[in-house]
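> So the sequence lines, in the order shown, correspond to chains A and B. Position 30, counted from 1, in the first sequence is what this note's numbering calls 83; the numbers after and before it change by one each time, with no gaps. Position 60, counted from 1, in the second sequence is what this note's numbering calls 64; the numbers after and before it change by one each time, with no gaps.
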Amino acid sequence: GAVVSQHPSRVICKSGTSVKIECRSLDFQATTMFWYRQFPKKSLMLMATSNEGSKATYEQGVEKDKFLINHASLTLSTLTVTSAHPEDSSFYICSAPRTGEDGYTFGSGTRLTVV
Amino acid sequence: GENVEQHPSTLSVQEGDSAVIKCTYSDSASNYFPWYKQELGKGPQLIIDIRSNVGEKKDQRIAVTLNKTAKHFSLHITETQPEDSAVYFCAASPPGGSYIPTFGRGTSLIVHP
Numbered sequence: 054g055a056v057v058s059q060h061p062s063r064v065i066c067k068s069g070t071s072v073k074i075e076c077r078s079l080d081f082q083a084t085t086m087f088w089y090r091q092f093p094k095k096s097l098m099l100m101a102t103s104n105e106g107s108k109a110t111y112e113q114g115v116e117k118d119k120f121l122i123n124h125a126s127l128t129l130s131t132l133t134v135t136s137a138h139p140e141d142s143s144f145y146i147c148s149a150p151r152t153g154e155d156g157y158t159f160g161s162g163t164r165l166t167v168v
Numbered sequence: 005g006e007n008v009e010q011h012p013s014t015l016s017v018q019e020g021d022s023a024v025i026k027c028t029y030s031d032s033a034s035n036y037f038p039w040y041k042q043e044l045g046k047g048p049q050l051i052i053d054i055r056s057n058v059g060e061k062k063d064q065r066i067a068v069t070l071n072k073t074a075k076h077f078s079l080h081i082t083e084t085q086p087e088d089s090a091v092y093f094c095a096a097s098p099p100g101g102s103y104i105p106t107f108g109r110g111t112s113l114i115v116h117p
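(1) Would you be able to state if there are at least three C-beta pairs under 8 Å between the segment 59-68 of chain B and the segment 7-16 of chain B?
(2) Kindly list the residues whose CB is nearer than 8 Å to the CB of THR152 (chain A), restricted to its own chain and excluding five residues on each side of it in sequence; keep chain order.
(3) I'd like to check one pair, CYS94 (chain B) with LEU79 (chain B): are the Cβ atoms closer than 9 Å?
(4) Identify the contact partners of TYR36 (chain B) in chain A, using a Cβ-Cβ distance below 9 Å as the criterion.
(5) Do VAL115 (chain B) and GLU43 (chain B) have their C-beta atoms closer together than 9 Å?
(6) Decide if the segment 62-77 of chain A is in contact with the segment 130-146 of chain A; the criterion is three or more beta carbon pairs, one per stretch, under 8 Å apart.
(7) Helix, strand or coil: which one does DSSP assign to GLU6 (chain B)?
(8) Measuring CA to CA, which of A:HIS138, A:GLY106, A:LEU99, A:PHE92 is closest to LEU129 (chain A)?
(9) Just to confirm, is the Cβ distance from TYR157 (chain A) to TRP88 (chain A) under 9 Å?
(10) Mind reading off the beta-carbon distance from LEU165 (chain A) to ASP141 (chain A)? Whole number of angstroms is fine, and I expect it under 8 Å.
(11) So which residues on chain B does GLY114 (chain A) lean against when the C-beta distance must stay under 9 Å?
(12) Can you check which of these residues, B:THR82, B:ALA90, B:PRO86, B:HIS11, is closest to ASP21 (chain B) by C-alpha distance?
(13) In its own chain, which residues sit with a C-beta less than 6 Å from the C-beta of PRO99 (chain B), not counting the 5 before and 5 after it?
(14) In chain order, which alpha helix (DSSP H) runs of at least 4 residues are fully inside the segment 59-93 of chain A?
(15) For PRO117 (chain B), which of helix, strand or coil comes out of DSSP?
(16) Using the three-state DSSP reduction, which class does PRO105 (chain B) fall into: helix, strand or coil?
(17) Please identify, using Cβ separations under 9 Å, the residues of the segment 119-150 of chain A that lie next to chain B, in order along the chain.
(18) Output the distance between the C-alpha atoms of ASP31 (chain B) and LYS67 (chain A), rounded to the nearest integer angstrom.
(19) How about PHE92 (chain A): is its C-beta nearer than 9 Å to some C-beta of chain B?
(20) Please compile the residues from chain B whose C-beta is within a distance smaller than 8 Å of the C-beta of ARG77 (chain A).
(21) Hey, does THR97 (chain A) have any beta-carbon neighbour from chain B nearer than 9 Å?
Here it is, written out as structure tokens:
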């Protein structure tokens, strides 16, 4: 149980376009979803926390207008990278607290490449 | 806030050997310590965890030990296999409903056949 499905797994987009990444909780309701960014050979950097039905909480230094997060339902949270630039190229991962247990379930990640 | 240090950054072993990865944390209030395995191009997967009221936990070839006084915990993998090759992250979480973890910087484990 506690599966988080993340799509797409890979996306290549042109500079200036926007890209949406979806994370769905398949067998549980995720009132909270966490979004991470990971650079090559680096640890996970928490970007923001999304809460169903309310505004996301962003970590210091993360641009709210660049990384739009929506958590409109108990099973879906989305991250939209707006006006993407090459420096936004990275591995983005979502995760949700495991229902009834400690710890998190992570999505499979999205490799974003902006050309 | 919490600070988690993880060592080594890279660990290379021969198949069948044991591997040990160590982490220290700074916040004595942290009470949950998970370990994640991340294979290339994939999201992290929880492999074992331990709470602060337990000193050791074992699951087949994997074990985690916790020294709450010294604020350090370790991952032990015995009889390593090539498929154990991955990046391993430790984390420490404070008490509270959100359990937002602070991650270590990761250890790249390479198991040579």
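Just so you know, even glycine gets a beta-carbon here, dropped at the ideal spot from N, CA and C.
Reading off the structure:
(1) Taking a cut-off of 8 Å on C-beta distances, the segment 7-16 of chain B does not touch the segment 59-68 of chain B, as fewer than three cross pairs fall below it.
(2) By the criterion of a C-beta distance shorter than 8 Å, THR152 (chain A) is surrounded in its chain by GLY54, ALA55, PHE81, GLN82, once the five residues flanking it on both sides are discounted.
(3) A contact, by the Cβ cut-off of 9 Å.
(4) By Cβ distance, chain A contributes ASP155, GLY156.
(5) The answer is no: Cβ separation not under 9 Å.
(6) Taking a cut-off of 8 Å on C-beta distances, the segment 62-77 of chain A touches the segment 130-146 of chain A, as three or more cross pairs fall below it.
(7) In the three-state reduction of the DSSP assignment, GLU6 (chain B) falls in the coil class.
(8) For LEU129 (chain A), the nearest C-alpha among the options comes from A:GLY106.
(9) No; because the gap between Cβ atoms is not below 9 Å, this pair is not in contact.
(10) Confirmed, about 7 Å.
(11) Contact annotation for GLY114 (chain A) against chain B: no contact, minimum CB-CB distance about 14 Å [criterion: below 9 Å].
(12) For the options B:THR82, B:ALA90, B:PRO86, B:HIS11, the alpha carbon positioned closest to that of ASP21 (chain B) is the one of B:THR82.
(13) Excluding sequence neighbours, PRO99 (chain B) sits near ASN35.
(14) Those alpha helix (DSSP H) runs which fall completely within the segment 59-93 of chain A and span 4+ residues do not exist here.
(15) Looking at PRO117 (chain B) - three-state DSSP - the assignment turns out to be coil, as it is neither helix nor strand.
(16) Under the three-state reduction of DSSP, PRO105 (chain B) is assigned to coil, being neither helix nor strand.
(17) Within the segment 119-150 of chain A, the residues whose Cβ lies closer than 9 Å to any Cβ of chain B are, in chain order, PHE144, ILE146, CYS147, SER148, PRO150.
(18) Each residue's CA atom was taken as its position, placing ASP31 (chain B) and LYS67 (chain A) some 43 Å apart.
(19) Output row for PHE92 (chain A): interface = no.
(20) One finds nothing in chain B with a Cβ atom closer than 8 Å to the Cβ of ARG77 (chain A); even the nearest lies about 14 Å away.
(21) Per the sequence presented here, residue 97 (chain A) reads as Leu, with Thr not at that position. Judged by the 9 Å Cβ criterion, LEU97 (chain A) is in contact with chain B.
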